[in-house]
Amino acid sequence: MESRILLVGIGNCGRADDGLGWAFIDKIQSSLPENYDFEYRYQLQIEDAELASKYQTVIFIDAHNDSFEKGFVFKECFPQATASFTTHELAPESVLYLTDSIYDKKPKSFTLGITGVNFCLAIGLSGSAEQNLLNALDFFIIKMHLQPIKTIT
Amino acid sequence: MSQKLVIDPVTRVEGHGKVTVHLDENNRVQDAKFHIVEFRGFERFIQGHPYWEAPVMVQRLCGICPVSHHLAAAKAIDQIVGIDPEDLSLPAQKIRKLLHFGQLFQSHALHFFYLASPDLLFGAESNPLKRNVVGVAMEYPELAKKGILMRKFGQEIIKMVAGKRIHGISTTPGGVHKRISAKERAYFLDGNEIPSVDTMIEWSMEIIDFIKSYHISNKGFLDSFASYPSGHLGLVNKENGFLELYDGFLRATDADGNITLDDINSDDYNQYFYEGVEKWSYLKFPYLKHLGRDKGWNRVGPLARINICDGIETSLAEQERLDFKAVTNGKINNMTMHTHWARLIEILYCAEMMKQLLEDDHILSNDLIRKGERRKEGIGIIEAPRGTLIHHYEVDNKDRITRCNLIVSTTHNNEPMNQAVRWVANNVLDGKPKITEGMMNQVEVAIRAYDPCLSCATHAMGQMPLELQLFDHLGNIIEEKIRH
Chain A
-12 MESRILLVGI GNCGRADDGL GWAFIDKIQS SLPENYDFEY RYQLQIEDAE
38 LASKYQTVIF IDAHNDSFEK GFVFKECFPQ ATASFTTHEL APESVLYLTD
88 SIYDKKPKSF TLGITGVNFC LAIGLSGSAE QNLLNALDFF IIKMHLQPIK
138 TIT
Chain E
1316 MSQKLVIDPV TRVEGHGKVT VHLDENNRVQ DAKFHIVEFR GFERFIQGHP
1366 YWEAPVMVQR LCGICPVSHH LAAAKAIDQI VGIDPEDLSL PAQKIRKLLH
1416 FGQLFQSHAL HFFYLASPDL LFGAESNPLK RNVVGVAMEY PELAKKGILM
1466 RKFGQEIIKM VAGKRIHGIS TTPGGVHKRI SAKERAYFLD GNEIPSVDTM
1516 IEWSMEIIDF IKSYHISNKG FLDSFASYPS GHLGLVNKEN GFLELYDGFL
1566 RATDADGNIT LDDINSDDYN QYFYEGVEKW SYLKFPYLKH LGRDKGWNRV
1616 GPLARINICD GIETSLAEQE RLDFKAVTNG KINNMTMHTH WARLIEILYC
1666 AEMMKQLLED DHILSNDLIR KGERRKEGIG IIEAPRGTLI HHYEVDNKDR
1716 ITRCNLIVST THNNEPMNQA VRWVANNVLD GKPKITEGMM NQVEVAIRAY
1766 DPCLSCATHA MGQMPLELQL FDHLGNIIEE KIRH
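Those sequence lines, one after another, are chains A and E. The first sequence runs -12 to 140 under my numbering. The second sequence runs 1316 to 1799 under my numbering.
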């Protein structure tokens, strides 16, 4: 059976570059083969553990505060028990921990953090974030052997 | 030396608040307050917008209960287009109610399984590293799995009706914009892809059995912790006084069960309520005018609703209500921790109602919208998960909103939560030589019983923790707990 892959775009497109996770999904979805699914999230929730349990690979895409040479960072993500003061925020590691402890599933997981610079109330990405997004898309398409993104002219 | 204790942030609640406790030289409690310290001003910036935008805009108040704001605003906007609740088409009424019950079901599940259960399962003074939903998942994986799937079921109902789980859109002035398809409803009935609505009823009963057993084993704690006499306010069914969550009369009782607000029409709420203000909180203090600020405040939410209603229309939840009432020999229940029990009875009620509505062919109908004669004012009142939610709008002849008043559930519960904090301060912290983390968590346990949504109540934006600080008699902070 073909491996099922889930992309989770995290963020809030009403807060400028915080929408990088969603923008990534917007751009990449037309290039995704059938074994890919995608979801948009403001923040991860506990029930995402159940969703993750149904996939062999889960990739979380989010805006990042830190700077990186190519404008993004891609790294493997492992289950880790962390506690938060509210249900409003849950780290990918915590979701994976719940996936493991409740559903006995360990999907291979990665985070793709794309550097943003403006997180104020605004619609649209900053110029710098736009460039970082393109770099991340190029990397991801090659890494996952996807078709190039179709552009509408 | 006198001290002031501050809890900042209060954890496992939806929002950012702070608790301060003032101690004298002998560590005796002098004062305790629950502060809401953020402000957003939704009522102001919605002015000038066209009235039909209100149900879409106001749900951005919250990521937990946007459906409640969406529906309360929709009911108000219905009136502006000349449609009172009873004038909606039956399909529109039933689709809205299905959305509402899905919202209540998922929100109550979130609160019980994710926020409250760690305190009950591990104890209020247990290791905080374990006292959270991750700890619950480790030690009680089956319980956690059911909690997740119950919340998911409610969210899937919301997604079916409103298009997405958070900030979807279902209503339009005078109705709803989409019917339910046979395929969509089969998803919830056949149990092929997700556990069916019958399984939701079964699991709801299991979790009520849990709280009843817990009560037998922990009667002292559940019956006494943060208990105090109060008024109780909520909607009741217009025809029979039963539990009503979508549209009904407003009823209130005092702590002994005497009626203090006698089934008034929602449109008349303004004649009966004032909102007090305090300089130390952005959250107002609503109260019944005729009883005054000191005696006119009321709890709202599950405990209040089960207290004031004359019955529940679904058979399983009604039996549970009767068992619940038997604990107090039919009298009003003022035991704060019993709010969790009442919430679980409502979970069962919502599950039964979702089944009833899903099996009703009206939801498949295309008869969705009614039109009426334009008015200048609209009032929508519903029972949100946390209690009575009031939306009130006035519009000008260019269809622009000129005035907006929102009284959200947590606002009604402001004084009750302050009472609960004072109870813990006086009964747990008073006179103790050292304040432990476990003691401070008990302050939060008392607040958590109300499932407060502080972001709704103050319309706050951004990170929303809650804090605790300890002050000496000169006003200096000598201890502060902030958890992020």
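All residues carry an ideal CB built from backbone N, CA and C; glycine is no exception.
- With fewer than three CB-CB distances shorter than 8 Å, the stretch 1675 to 1682 of chain E does not count as touching the stretch 1646 to 1657 of chain E.
- In the DSSP assignment, K1599(E) falls within the unbroken beta strand (DSSP E) covering S1596 to L1603.
- In this structure, G1490(E) sits away from T1703(E), with a CB-CB distance that is not shorter than 8 Å.
- Looking at H1337(E), G1363(E) and R1359(E), the one whose alpha-carbon comes closest to that of D1711(E) is G1363(E).
- Against I89(A), the close residues of chain E are A1452, P1456, A1459, K1460 and I1463, in the order they occur along the chain (beta-carbon pairs closer than 8 Å).
- Here the alpha carbons of A36(A) and W1518(E) stand approximately 20 Å from one another.
- With contact defined as three or more Cβ pairs closer than 8 Å, the stretch 29 to 44 of chain A and the stretch 1463 to 1470 of chain E are in contact.
- The C-beta of Q1586(E) has fewer than 16 other C-beta atoms within 10 Å across all chains shown, which makes the residue exposed.
- When secondary structure is reduced to three states using DSSP, H1707(E) falls in the strand class.
- Scanning its chain for C-beta atoms nearer than 8 Å, with the 5 sequence neighbours on each side dropped, one finds around C107(A) the residues R2 and A3, in chain order.
- Assignment of G1695(E) by DSSP, reduced to helix, strand and coil, places it in the strand class.
- K1686(E) and P1381(E) have their alpha carbons spaced roughly 25 Å apart.
- The residue from G1746(E), P1748(E), L1659(E) and T1725(E) with its alpha-carbon nearest to that of H1423(E) is L1659(E).
- Against I110(A), chain E offers no close residue; the least beta-carbon distance is about 14 Å (beta-carbon pairs closer than 7 Å).
- By the C-beta density criterion, V1739(E) is buried, having at least 16 other C-beta atoms within 10 angstroms.
- For I1379(E), the closest C-alpha among the options H1492(E), I1398(E), L1405(E) and H1415(E) is that of H1415(E).
- Taken atom to atom, the span from the alpha-carbon of L1419(E) to that of P1365(E) is near 28 Å.
- At a cut-off of 8 Å, the C-beta of S115(A) has no neighbouring C-beta in chain E.
- The beta carbon of G1591(E) sits closer than 8 Å to those of K1599, F1600, P1601, Y1602 and R1608, all from its chain and outside the five residues before and after it, given in chain order.
- Per DSSP, reduced to three states, the secondary structure at Q1318(E) is strand.
- Listed as beta-bridge partners of H1350(E) by DSSP are K1333(E).
- In the structure shown, the three-state DSSP call for E1593(E) is strand.
- Taken in chain order, the unbroken stretches of beta strand (DSSP E) that lie wholly in the stretch 1473 to 1556 of chain E and span 3 residues or more are 1546 to 1551.
- Between the stretch 1689 to 1703 of chain E and the stretch 1382 to 1391 of chain E, the count of C-beta pairs closer than 8 Å reaches three or more; the two stretches touch.
- E63(A): member of the beta strand (DSSP E) spanning F59 to E63, first to last residue.
- When the five nearest sequence neighbours on each side are left out, the beta carbons in the same chain lying within less than 7 Å of the beta carbon of G8(A) are those of G(-4), I(-3), G(-2), I48, D49 and A50, in order along the chain.
- Only I33, E34, A36 and E37 from the stretch 33 to 45 of chain A bring a Cβ to less than 8 Å from some Cβ of chain E.
- Secondary structure of Y23(A) (DSSP, three-state): strand.
- Neighbours of A68(A) in chain E, taken as residues at a C-beta separation under 7 Å, are given in chain order as V1449.
- Of the candidates D5(A), P79(A) and G100(A), the residue whose Cα lies closest to the Cα of P94(A) is P79(A).
- Per DSSP, the unbroken alpha helix (DSSP H) holding G1607(E) starts and ends at G1607 to K1610.
- As computed with DSSP, P1365(E) is found in a beta bridge with R1715(E).
- Using a 10 angstroms sphere on the CB of T1751(E), the tally of other CB atoms stays under 16, which defines it as exposed.
- Within 8 Å of the CB of L(-6)(A), no CB atom of chain E is found; the nearest one sits about 17 Å away.
- Here R1701(E) carries a coil assignment [DSSP, helix/strand/coil].
- A contact between stretches requires three or more CB pairs, one per stretch, nearer than 8 Å, and the stretch 1557 to 1568 of chain E meets this requirement with the stretch 1620 to 1637 of chain E.
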